[in-house]
Ligand code: KG4
Ligand code: ZN
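In the numbering used here, the protein residues as written are 21 to 366.
Put into structure tokens, the structure is as follows:
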């Protein structure tokens with residue numbers, strides 16, 4: 021029964037977790053920096069790495085203490101190696117190296133996106149998963165449609181050509197004058213809004229498994245600034261940061277959310293059919309969106325797994341779950357591995 025201590029610092033959450041046997045969470049600590057970044061409307065990299073340094077040791081100590089364990093009880097240290105912000109990744113990686121070196125523990129570098137996928141193994145009946153599985157990974161930095169044919173075996177079908185789904189939520193939230201992070205803000209604002217009030221575009225990119233959300237974001241911008249689509253935005257309108265009439269915000273939020281969900285669900289279901297998968301995994305921060313989950317459940321003719329709410333956004337339990345599989349498969353990383361800020365899952 022391996023016990024993995026894992027660290028995650030790829031973006032703006034400083035997280036540590038202890039997971040036993042790949043699926044029993046003994047501790048899961050997340051110190052969010054969201055409040056520090058709110059005034060910038062997004063993550064400010066220097067602020068993020070500094071904040072990680074300030075709390076990482078306390079977060080690790082808290083995880084061990086919550087798990088009622090000491091480092092002597094840990095079998096391996098898992099850590100996010102990438103992708104992510106370089107300065108942030110280095111804080112987690114160096115801390116993990118120090119812990120591994122000090123205790124003679126194996127070090128296991130994990131791809132953050134693989135971590136999101138393995139958040140689905142932290143639920144009860146995950147052992148029953150039969151491959152192939154289709155994974156839709158939707159986060160602030162990524163939108164990837166991946167066929168998973170076995171543990172740690174991925175075939176990339178497609179992904180976003182421009183903005184990630186979460187990034188589109190964050191940018192449109194900002195336009196609407198809603199606070200960062202934008203996903204939860206838009207989801208809340210959309211309650212009671214009419215999803216058909218605004219006709220926002222859906223980029224289907226037929227014949228590919230790719231996505232594009234920049235047109236949708238631009239359409240929202242034109243609507244908010246009340247400019248005519250297809251014409252260049254006037255300089256005055258671009259410079260103007262006034263949010264729209266508050267009465268319109270729920271309708272704009274609901275129409276935007278409906279457009280993004282329709283494409284995510286539509287393309288994922290088409291790929292699921294084409295590749296005859298047994299189930300669909302939806303993971304990453306945007307999978308916390310209850311309207312997305314409901315639409316999958318309404319339309320999908322096959323099982324769709326979404327992580328429990330607290331495990332959708334960045335956490336270290338998912339990194340531990342992925343590290344556990346790699347530990348069992350014999351992966352042992354050298355103590356001089358580098359952070360890989362642009363590391364691709366496949
Ligand atoms: O996975 P994550 O925590 O960090 C990255 O790896 O990027 O994802 C964060 C993203 C943000 O863009 C955030 O706005 C989005 O996930 N998000 C949501 C929701 N909760 C978080 N998007 C839509 N609806 C939500 N409820
Ligand atoms: Zn993430």
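Quick reminder that beta carbons are idealized off the backbone N, C-alpha and C, glycines included. It should be emphasised that the depicted structure is a prediction, and the values quoted were computed from it without experimental measurement.
Going by DSSP, what residues sit across from residue i in a beta bridge?
i           : result
residue 173 : 170
residue 353 : 127
residue 325 : 301
residue 27  : 36, 99
residue 180 : 231
residue 163 : 158
Among the options, whose alpha-carbon lies nearest the alpha-carbon of residue i?
i           : options            : result
residue 33  : 25, 76, 39, 60     : 76
residue 129 : 306, 29, 289       : 29
residue 103 : 67, 305, 134, 151  : 134
residue 260 : 195, 284, 137, 86  : 195
residue 340 : 362, 160, 360, 96  : 96
residue 217 : 271, 364, 45, 362  : 271
residue 105 : 94, 298, 140, 66   : 66
residue 286 : 298, 317, 274      : 317
residue 197 : 346, 332, 262      : 262
residue 137 : 124, 155, 146, 123 : 155
residue 356 : 118, 78, 335, 326  : 118
residue 296 : 280, 322, 284, 315 : 322
residue 372 : 201, 241, 226      : One cannot answer for residue 372 here, as it falls past the ends of the chain, which runs 21 to 366.
Distance check for residue j and residue i, CA to CA, integer angstroms please.
i           : j           : result
residue 268 : residue 192 : 14 Å
residue 25  : residue 352 : 14 Å
residue 312 : residue 121 : 43 Å
residue 132 : residue 182 : 20 Å
residue 21  : residue 40  : 6 Å
residue 303 : residue 186 : 12 Å
residue 354 : residue 101 : 12 Å
residue 234 : residue 188 : 7 Å
residue 209 : residue 174 : 36 Å
residue 177 : residue 165 : 6 Å
residue 342 : residue 246 : 47 Å
residue 152 : residue 168 : 6 Å
residue 273 : residue 243 : 12 Å
residue 38  : residue 338 : 10 Å
residue 206 : residue 365 : 28 Å
residue 324 : residue 35  : 27 Å
residue 123 : residue 298 : 41 Å
residue 70  : residue 99  : 18 Å
Within 10 Å of its beta-carbon, does residue i have 16 or more other beta-carbons around it, so buried, or fewer, so exposed?
i           : result
residue 265 : exposed
residue 276 : buried
residue 237 : buried
residue 126 : buried
residue 256 : exposed
residue 347 : buried
residue 53  : buried
residue 144 : exposed
residue 148 : exposed
residue 215 : buried
residue 309 : buried
residue 79  : buried
residue 326 : buried
residue 27  : buried
For the beta strand (DSSP E) containing residue i, name the first residue and the last one.
i          : result
residue 52 : 44–52
residue 38 : 33–40
Alpha helix (DSSP H) containing residue i: first to last residue?
i           : result
residue 452 : Residue numbering for the chain in the displayed model covers 21 to 366; residue 452 lies beyond these limits and cannot be assessed.
residue 207 : 202–210
residue 309 : Where residue 309 is concerned, there is no enclosing alpha helix (DSSP H), given that its DSSP letter is neither H nor E.
residue 264 : From DSSP, residue 264 is part of no alpha helix (DSSP H); its letter is neither H nor E.
residue 284 : 269–294
residue 258 : 255–259
residue 88  : That residue, residue 88, is in no alpha helix (DSSP H); it is neither H nor E in DSSP.
residue 344 : 337–348
residue 369 : Because the chain in this structure spans residues 21 to 366, residue 369 falls outside the shown range and cannot be described.
residue 190 : 185–195
Does residue i have its Cβ less than 8 Å from a Cβ in chain C?
i           : result
residue 357 : Chain labels in this structure do not include chain C; a single protein chain is all it has.
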